[in-house]
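Using our numbering, the first residue of the sequence shown is number 904, and each one after it goes up by one.
Positions of the beta carbon are idealized from the N, C-alpha and C atoms, including for glycine.
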Amino acid sequence: MNEDLNLPMGDSLALREAFERAGQGQVFRFFDRLDEDARDRLLKQASEINLAEIDRLVRELVLTDSMVEPNVENWQPAPFIAAPVHGGDLNAWRKAEKMGGEALRNGRVAAFTVAGGQGTRLGFDGPKGSFPATPVRSKSLFQVFAEKILTASNRYHVAIPWLIMTSGDNHESTVRFFTENQFFGLESQGVRFFQQGRMPAVDFAGKILLQKPDGLALSPDGHGGSLRALARSGSLDLLKESGIDIISYFQVDNPLLQPIDPAFIGFHLMGESEMSSKMVCKANPTEKVGVFCLREDQLEVIEYSDLPEKLTLEKDESSGELRYRAGSIAIHLISRDFARQVGGDDPRFRLPFHRADKRVTAIDSEGRVVEPDSPNGVKFEMFAFDALGFAKNPIVVETLREDEFSPIKNAVGIDSAESSRQDQLRQWTRWLKAAGEDIATDETGLPGFSFEVSPIFADSKQAFLERWKNLETRPAIAEGTYLE
Ligand code: UTP
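Spelled out as structure tokens, the structure:
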């Protein structure tokens, strides 16, 4: 009997045979040379693998040439609710804000961060959420979100739980980061961490890769894995017990976003939507963001690389604007019952996996570690936005890039720590100018010095104006000023 695995010896044999039958026997190539602990480790990982799923994905995504030119005849740009500054109906926005505010006061909303990614482009040593993002205090991304959630909790006089999805690689370090920082002022029992699923990488022949003799090359199953993980971790049951039916989903890399947005929640409720998304107008035709489209009347996010060039460049004849301009910024509202449906086992609601060709450190048939310089394997990932295709009444709501979108993806250049830091400064400068302060900036709105506004001081322009107006003494804004 193998105690650790709770797997009778017969079963471990059966597992090895199942891999053999599935053409994945190489996983146990070094098995006979391993000591007992190492064998247990490998068997445990192998028992996590759904061989039928891998077999299907290998056939559909690895061994077939899936580069079929899409038929774009029935494609349309997706409609969206325009922001008031772009002609949106101000009354509708006011009504939505009120309705969302009520839902918040009634305790119907939880925040949800997907933080299980590997953050390879940023190359930071640690969970991406612990990356120092703000200009003066170098607050981590997690701290920025924590303070925004705390501010919303105080505003609506309600505890707003925060779900954080991690992965096997960063779970412990993420929990430790919160513990060491006293949960940034939040009640620790209001923050719930859970891990997403993992998928094995395969080579271009579809064979599961080994990272070491007793370990598979496993990686997180994509942000779309969050739906499964919400269900499997018991989080949806807990939300139900607490009367929460709206999940406010956002990524870990964008310090400008509003984790809790009453108007967005209000539109989601008014539209009786099962899943709603925010968009910004694309900065330029080739910006690398997915685009909201209607395909056969169904809302979808099409990845920038999959949108045919003709549509990417197409302009509206009267306004001259890009027709396909609704860029996805990965902020969604997801109804709890819908998350259960899409995160469950019903094949009718199964999120598709996508193929990503990556460099995967793996061992060769002799057990030597190979660090490839070009992609040598395929990872399988699900995307959260694919759930839109299953949602009833999905809606898209516009937000302004300068208010809500400046992700930290790369070490330098576009979407880097520096570009995000500058965007934060520009935002606070706009708030100060709206309050009547005179701040010198360059033509992009960037001031010549660094300062910082804590989300505890103000988390939006509206909140800032209110707070600034009521200050008895207003501080001079200069290098290093920190408003709290
Ligand atoms: P990205 O697609 O930017 O990936 O994730 P990444 O892993 O952070 O970075 P790269 O591509 O390796 O450089 C967008 C969001 O989805 C989360 C990330 O943590 C981030 O918040 N994510 C991504 C997951 O939670 N799990 C995943 O498997 C993938």
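Please name the residue in the options whose C-alpha comes closest to that of residue i.
i: N1313; options: E920, W978, F1027, A941; result: F1027
i: T1048; options: L960, D1260, G1125, S1151; result: Rather than Thr, the amino acid found at residue 1048 in this sequence is Phe. Considering only alpha carbons, the answer is S1151.
i: T1215; options: L1349, D1124, T1082, G1230; result: G1230
i: V1204; options: A1186, R942, R1228; result: R1228
i: E1355; options: E1301, E1075, V1017, E1382; result: E1382
i: G1339; options: D1326, G926, T1347, E1369; result: E1369
i: F1107; options: R1258, R1333, F1360; result: R1258
i: D1248; options: D1267, G1128, D1209; result: G1128
i: R1271; options: E963, R932, E951, E1301; result: R932
i: D940; options: G1118, A999, R1008; result: G1118
i: G1010; options: L993, Y1059, T967; result: Y1059
i: P1123; options: Q1365, A1242, E951; result: E951
i: R924; options: R936, R944, L954; result: L954
i: I1237; options: Q948, F934, A1013; result: A1013
i: F1286; options: H1126, D1148, E976; result: H1126
i: K947; options: K1218, L918, F1195, V1315; result: L918
i: G1071; options: M1102, F1045, F1086; result: M1102
i: V987; options: I1342, W1334, E1301; result: Residue identity differs from the one stated: residue 987 is Pro in this sequence, not Val. Nearest C-alpha to P987: E1301.
i: F1256; options: V961, L1066, L1374; result: V961
i: F1153; options: E1284, L1172, M1182; result: M1182
i: V1299; options: G1169, K1110, V1281, S1145; result: G1169
i: I1380; options: P1350, K1364, N1373, I1359; result: P1350
i: F1167; options: N974, I984, I1063, K1372; result: I984
i: E883; options: R1262, L1130, P1064, Q1114; result: The structure shown does not extend to residue 883, since the chain is modelled only from 904 to 1387, so the question has no answer here.
i: N974; options: R1131, F1283, L1197, S1363; result: L1197
i: A949; options: R959, T967, Q929, V1315; result: Q929
i: P1211; options: A1343, Q1085, E976; result: E976
i: R1239; options: F1283, I1311, D1140, Q1201; result: D1140
i: D943; options: F1087, F922, S915; result: S915
i: I1063; options: L1089, L937, R997, W978; result: L1089
i: S1363; options: A1337, T1384, R1377; result: A1337
i: P1030; options: A921, I1311, E963; result: I1311
i: V1155; options: A1120, E963, T1069; result: T1069
i: H989; options: E1375, C1184, T1344; result: C1184
What residues match up with residue i in a beta bridge as DSSP calls it?
i: N1095; result: Residue 1095 is actually Arg in this sequence, not Asn. Its beta-bridge partners are L1066.
i: Q1201; result: R1198
i: P1035; result: S1043
i: A917; result: DSSP, once it has assigned bridges, lists no residue as partnering A917.
i: E1284; result: H1257
i: K1218; result: L1225
i: W978; result: R1198
i: E1150; result: In the sequence under discussion, the amino acid at residue 1150 is Ile, which differs from the Glu named in the question. I1150 is bridged to A1013, I1237.
i: G1004; result: Answer is none; G1004 lacks a bridge partner.
i: M1181; result: Correcting the residue identity first, residue 1181 is Lys in this sequence and not Met. DSSP, once it has assigned bridges, lists V1300 as partnering K1181.
i: S1231; result: M1182
i: Y1059; result: Answer is none; Y1059 lacks a bridge partner.
i: Y1385; result: E1355
i: I984; result: V1300
Q: Take every Cβ of the stretch 1304-1316, pair it with every Cβ of the stretch 1150-1164, and state whether three or more of those distances are shorter than 8 Å.
A: yes
Q. Which full runs of the alpha helix (DSSP H) of 4+ residues lie inside the stretch 1069-1143, going along the chain?
A. 1074-1083, 1128-1135
(Q) Threshold first: 4 residues or longer. Then list the alpha helix (DSSP H) segments lying entirely within the stretch 1235-1281, N to C. (A) 1239-1246
Q) Who sits around the ligand UTP, taking every residue whose Cβ is closer than 5 Å to one of its heavy atoms? A) V1017, A1018, G1019, G1020, Q1021, G1022, T1023, R1024, P1123, G1125, H1126, Q1154, V1155
Q) Unbroken alpha helix (DSSP H) runs of length 4 or more, entirely within the stretch 1279-1353: which are they? A) 1304-1307, 1320-1337
Q | the stretch 1206-1226 contacting the stretch 993-1003, beta-carbon criterion three pairs below 8 Å | A | no
Q) Counting pairs of Cβ atoms below 8 Å between the stretch 1030-1038 and the stretch 1318-1336, do you hit three or more? A) yes
(Q) Contact between the stretch 1011-1021 and the stretch 1322-1331 is defined here as three or more beta-carbon pairs at a separation below 8 Å; is this criterion met? (A) no
Q.
Check whether the stretch 1285-1298 and the stretch 1172-1182 are in contact - that is, three or more C-beta pairs closer than 8 Å.
A. yes
Q: For the stretch 1082-1097 and the stretch 1130-1141, state whether three or more C-beta atom pairs, one from each stretch, are separated by less than 8 Å.
A: yes
Q.
I'd like to know if the stretch 1183-1194 and the stretch 1051-1068 are in contact, where contact means that at least 3 CB-CB pairs between them fall below 8 Å.
A. no
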